[in-house]
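So the structure is just underneath, and the comments pick up after that.
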Amino acid sequence: MRTTMLLLSAAILAAPAVVKAADIAPVLAPQPLPDDPDKWTFSISPYFWAAGITGDTGVFGLPEVHVDESFGDILSDIDFGFMAAGDARYDRFSIVTDIIYARITTDSATPRGIFADEVDLKTETFTAMIGAGYSVIDEPQGRLDVIGGVKIWYTETTISFSGGPLGGVSGTDDATWVDAMAGVRGMYSITPSIYFTGWGLIGAGGADLDWDVMAAIGYKWNDTISAVAGYRALGVNYSDDTLTNDIVEHGPILGVVFHF
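Numbering (this note's numbering), first residue to last: 20 to 279.
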């Protein structure tokens with residue numbers, strides 16, 4: 020049973036670790052681009068987060084298990100992932116959004132094979148955030164925004180047994196919750212092309228605690244394309260009658276930002 024729980028735990032956490040993001044993406048960090056206050060400007064960013072996971076998790080009402088997985092442990096089980104974020108700005112006001120989807124499948128032989136020969140597990144995870152910001156500092160060399168919004172989480176885990184007395188038996192456990200988030204994001208230009216950027220967010224709602232921090236360095240190739248590389252960590256503590264998700268995800272993050 021412990022082997023099965025570890026498999027369940029790794030699968031339910033793997034998707035958000037690789038793509039979730041939950042929540043915030045590199046495009047959310049203000050970019051060193053001369054905005055025209057009389058018109059809207061937009062940014063869109065594909066990104067990649069090589070995150071590992073530590074924490075405690077449980078599904079199907081089973082006892083919690085501790086998980087400590089590196090990104091390399093998770094990568095081999097990913098079937099599909101989609102990550103995209105957007106930013107719209109007018110003068111000091113901004114709208115930010117981030118949408119992530121991932122599907123993971125994995126399998127393992129059961130201990131001793133008494134009740135089943137193999138257990139297969141599929142996890143689908145979707146997260147989305149939408150928020151608004153206002154620049155309390157807006158200078159040519161730097162910017163500081165206060166932001167607030169909501170983050171939606173959805174996860175579904177399906178376990179199926181093959182072979183043995185439990186062959187053909189399957190079950191699904193899912194959860195949906197919404198958290199309110201608030202915090203700051205900022206940017207400071209070192210040179211016309213190189214800049215520091217980062218954010219810090221904290222919230223709660225469906226989860227007891229939800230937080231996200233990032234620090235990175237960016238490079239502006241031209242007025243259309245920027246690149247960001249840094250380190251990000253986030254944590255969430257959610258539980259209901261059948262599912263527990265008290266984890267921290269952390270690792271390097273890379274993004275390319277297109278401005279128009």
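Ideal Cβ placement from N, Cα and C applies to all residues, glycine included.
On a predicted model such as this, the values are computed, not experimentally measured, just so you know.
What is the rounded straight-line gap between the Cα of residue i and the Cα of residue j?
| i | j | result |
| --- | --- | --- |
| Lys239 | Asn264 | 38 angstroms |
| Asp42 | Ile118 | Here the model assigns Asp42 a pLDDT of 32, short of 50, so the residue's position is not dependable and the matter cannot be decided. |
| Ile171 | Phe145 | 8 angstroms |
| Asp193 | Leu262 | 8 angstroms |
| Ser245 | Phe101 | 20 angstroms |
| Met148 | Thr210 | 31 angstroms |
| Asp110 | Leu81 | 51 angstroms |
| Tyr120 | Thr176 | 14 angstroms |
| Thr7 | His278 | Summary: the structure shown does not reach residue 7, with the chain confined to residues 20 through 279, and so no result is reported for it. |
| Gly205 | Ser189 | 47 angstroms |
| Lys141 | Ser179 | 9 angstroms |
| Val255 | Ala199 | 13 angstroms |
| Asp229 | Thr76 | 15 angstroms |
| Val197 | Gly167 | 13 angstroms |
| Tyr173 | Trp68 | 19 angstroms |
| Ile266 | Asp57 | 43 angstroms |
| Thr125 | Asp139 | 6 angstroms |
| Ala234 | Glu158 | 20 angstroms |
| Ile236 | Gly249 | 6 angstroms |
| Phe61 | Ile213 | 20 angstroms |
| Asp260 | Gly224 | 16 angstroms |
| Thr307 | Gly152 | Given a span of 20 to 279 for the chain in the structure shown, any question on residue 307 remains unanswerable. |
| Val275 | Val86 | 31 angstroms |
| Gly217 | Val115 | 15 angstroms |
| Tyr66 | Leu273 | 6 angstroms |
| Ser64 | Ala107 | 12 angstroms |
| Gly150 | Tyr207 | 22 angstroms |
| Ile123 | Gln160 | 43 angstroms |
| Thr195 | Gly219 | 24 angstroms |
| Ser89 | Ala226 | 24 angstroms |
So, does the CB of residue i fall closer than 8 angstroms to a CB anywhere in chain B?
| i | result |
| --- | --- |
| Ala104 | Although the question refers to chain B, the structure presented lacks it and comprises just one protein chain. |
Per DSSP, which one or two residues make a beta bridge with residue i?
| i | result |
| --- | --- |
| Phe67 | Leu273 |
| Glu143 | Arg122 and Glu175 |
| Thr60 | Arg108 |
| Gly150 | Val115 and Gly168 |
| Thr263 | Gly77 and Ser258 |
| Glu268 | Ile72 and Leu253 |
| Asp157 | Arg162 |
Could you check whether the Cβ of residue i sits closer than 7 angstroms to any heavy atom belonging to the ligand MN?
| i | result |
| --- | --- |
| Arg108 | Ligands in the displayed structure: none, and consequently the ligand MN is not present. |
Once DSSP output is grouped into helix, strand and coil, what is the label at residue i?
| i | result |
| --- | --- |
| Gly80 | coil |
| Phe90 | helix |
| Asp163 | For the record, residue 163 in the displayed sequence is Leu; it is not Asp. Three-state DSSP puts Leu163 in a strand. |
| Asp242 | coil |
| Phe279 | coil |
| Ala30 | With a pLDDT of only 37 at Ala30, under the threshold of 50, the placement of this residue in the model should not be trusted; the figure read from the coordinates follows. In the structure shown, Ala30 sits in a helix (DSSP, three-state: H, G or I). |
| Phe99 | strand |
Completely contained beta strand (DSSP E) runs for the segment 186-240, where each covers 3 or more residues: Correct list: 189-208, 213-224 and 228-239.
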